[in-house]
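Just below is one structure, and these are the notes that go with it.
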Amino acid sequence: MHQHYDIAIIGGGITGLSSAYHLGKSKDLKICLSTSSEVSASRSSANMISGGLIDNFTRIVQRHGPEKAEQAWKYSNHAFDALMEFAKANGIKTVKGERRRLIETPDELEECKKAVVELNEAGFKSLMEKAPDGSEHLLGQQNDGERAASIDSQGLLDYLEKSTSTVTRLGKTTRVIRESQQFKIETEKESFTAEVIIYANHLDISHFLPGLKEVLVSSQDQWLRMQTEAGTLPFAPGTVLSWRHGHYWAQIESDRQLTMGGARFLRPMAGFEADKAELSEKVSKNLPEAWAKYFPKRPLTKMIASKASLDIRPCDEIPVIGPMFGETGIFLGAGYMGQGISLGFKAGQSLAQLVLGKSDELPRFFWPERHRSLASTDNEEN
Ligand SMILES: Cc1cc2nc3c(=O)[nH]c(=O)nc-3n(C[C@H](O)[C@H](O)[C@H](O)COP(=O)(O)OP(=O)(O)OC[C@H]3O[C@@H](n4cnc5c(N)ncnc54)[C@H](O)[C@@H]3O)c2cc1C
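What follows is the structure, given as structure tokens:
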């Protein structure tokens, strides 16, 4: 006898767990969650969350136009606010700070000034500030306000695991076959049917949806948790920093400790298309050096932990969340460009709303349909 479910969620990282949590509120739905023991990117995160995007607003405007840039920024802000509210309500530890972009070159300075104007015109808060006291080589910083925090992401995932424990857990999905009004899903041990599928299985999504193979590009990254033994760091705990157009990022965890990542450009092919994650010696050497260039009096001399993981960078650098084009009953969420803890949490909520036919803040511009081949757009509806 096959078990039948209304909705099958594939993948138990932040996207899948959040989908299960939000759908689980509809008690009359029969839901299952297919999980795998393989590594989850969510469990490797650096505990950093923020609103907006890693890239500056001007970059998103240049690539996608002002309207879409505004939509993307707003959605990420919603994601941050929703997660902070959820964390507060459920005792998950967060430390709130500010989102700051450090500026080294005159070109960056001009661009940040423009970004501040554009952000304020679009209704977001942003301002220019002088370089941090005691820093070297910095010309200033862009302060995008208080949508930044560190979060206990393991605590968040554990909470979601526990609060979705009534959702049936099944093994790793190996095959999905469309039957007229439903899907037959095979796992390593069982097979079952479902009317709707939510793909939340990260890089494995393109195994089931080959049309997205060129869209969901793998990218290898790493972080180092380090301390200074020379006084306190020049930013308050909870601050999220990026510089050199997001090539470097850091999250201040306490007066003396931060987690820092980036420098992917030192990896072969900048880490793109990697099939496994490895710590790079070059990157591990470069990160504290890059910090010491700006803050030589606060060098990061003590290493606490390090982690490498694979992420997804969509080919147009915009998350892919929503119904799959040309495939009734299939939804997916992926490609959060390094902001998957808040965007993956929000994607789970948005996908639940979409599946239930309810309205949500998700911009249509995030839907996978933007990657549909133009040849098929005339005859397909979604
Ligand atoms: C080094 C690094 C640091 C990062 N730090 C941060 C950070 O500080 N803050 C932040 O917001 N983002 C961060 N990110 C990004 C973030 O980790 C990811 O965007 C996010 O975790 C993706 O979540 P997900 O649920 O989509 O994928 P995952 O967490 O990878 O979940 C997918 C799950 O699906 C399972 N699976 C795979 N195939 C199958 C299958 N066939 N059947 C069933 N299950 C399957 C996997 O085992 C996995 O558990 C970081 C990324 C990297 C690389």
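Under the working numbering, think of the first position of the sequence shown as -6, with each following residue one higher. We put the beta carbon where it would ideally sit given N, CA and C, even for glycine.
Would you mind giving the Cβ-Cβ distance between residue i and residue j, rounded to the nearest angstrom? I have them listed as a contact below 8 Å.
i: A223; j: P292; result: 6 Å
i: A298; j: V276; result: A298 to V276, Cβ: 15 Å. No contact.
i: G44; j: F73; result: 4 Å
i: F176; j: T186; result: 7 Å
i: L26; j: G9; result: 6 Å
i: L150; j: I7; result: 7 Å
i: S11; j: L153; result: 6 Å
i: K206; j: S199; result: 4 Å
i: I334; j: I42; result: 5 Å
i: L95; j: L234; result: 6 Å
i: S29; j: L46; result: Wrong, their Cβ atoms sit about 29 Å apart, outside the cutoff.
i: F265; j: V210; result: 6 Å
i: T180; j: L202; result: Going by Cβ atoms, the distance from T180 to L202 rounds to 18 Å, so no, they are not a contact pair.
Around the Cβ of residue i, are there at least 16 other Cβ atoms within 10 angstroms (buried) or fewer (exposed)?
i: F103; result: The amino acid occupying residue 103 in the given sequence is Glu; Phe does not appear at that position. Exposed: under 16 other Cβ atoms inside 10 Å.
i: A108; result: buried
i: A229; result: exposed
i: S173; result: exposed
i: F258; result: exposed
i: P289; result: exposed
i: P356; result: buried
i: E246; result: buried
i: G254; result: buried
i: H15; result: buried
i: M330; result: buried
i: G58; result: exposed
i: I170; result: exposed
i: N83; result: exposed
i: H71; result: buried
i: P99; result: exposed
i: R56; result: exposed
i: Q147; result: exposed
i: E122; result: exposed
In the DSSP output, which residue or residues are listed as bridge partners for residue i?
i: K300; result: W216
i: I2; result: L26, I191
i: A243; result: L234, M253
i: T87; result: I144
i: Q(-4); result: F185
i: K295; result: Q220
i: R406; result: Lying outside -6 to 375, the shown extent of the chain, residue 406 is not represented and no answer is given.
i: V210; result: R306
i: F265; result: S212
i: S43; result: A141
i: L120; result: N136
Skipping 5 residues on each side, what residues in its chain have a beta carbon closer than 7 Å to that of residue i?
i: L376; result: Outside the displayed range of the chain (-6 to 375) lies residue 376, so it cannot be described from this structure.
i: E91; result: N136, G138, E139, A141, T232
i: T225; result: D248, R249
i: S184; result: H(-5), K177, I178
i: D126; result: P227
i: A124; result: L131, L132, G133, Q134
i: C308; result: E207, V208, V210
i: P361; result: L205, V313, G315, M317, F318, L325
Tell me which same chain residues have a C-beta within less than 6 Å of the C-beta of residue i, skipping the five on either side of it?
i: H364; result: V208
i: N372; result: Its pLDDT being 46, under 50, N372 is placed unreliably in this model, and the value from its coordinates should be taken loosely. Cβ neighbours of N372 beyond the five flanking positions: none.
i: A75; result: K339
i: D145; result: I85, K86
i: A243; result: L234, L251, M253
i: E63; result: A115
In chain order, what residues of the same chain lie with their CB nearer than 8 Å to the CB of residue i, ignoring the 5 residues before and after it?
i: F324; result: V189, I190, I191, Y192, G315, P316, M317, L344, L347, V348
i: E129; result: K286, Y287, F288, P289
i: K89; result: M77, E139, A141, A142, G231
For ligand 3, is there any heavy atom lying closer than 8 Å to the beta carbon of residue i?
i: W216; result: In the structure shown, ligand 3 is absent; the only ligands present are ligand 1.
Taking only runs that begin and end inside the segment 126 to 207, name each unbroken beta strand (DSSP E) of 3 or more residues, in chain order.
133 to 136, 141 to 144, 161 to 163, 166 to 172, 175 to 180, 184 to 192
Where in the segment 304 to 343 do unbroken runs of the beta strand (DSSP E), each at least 3 residues long, occur, reported from the N-terminal end onward?
313 to 316, 323 to 327
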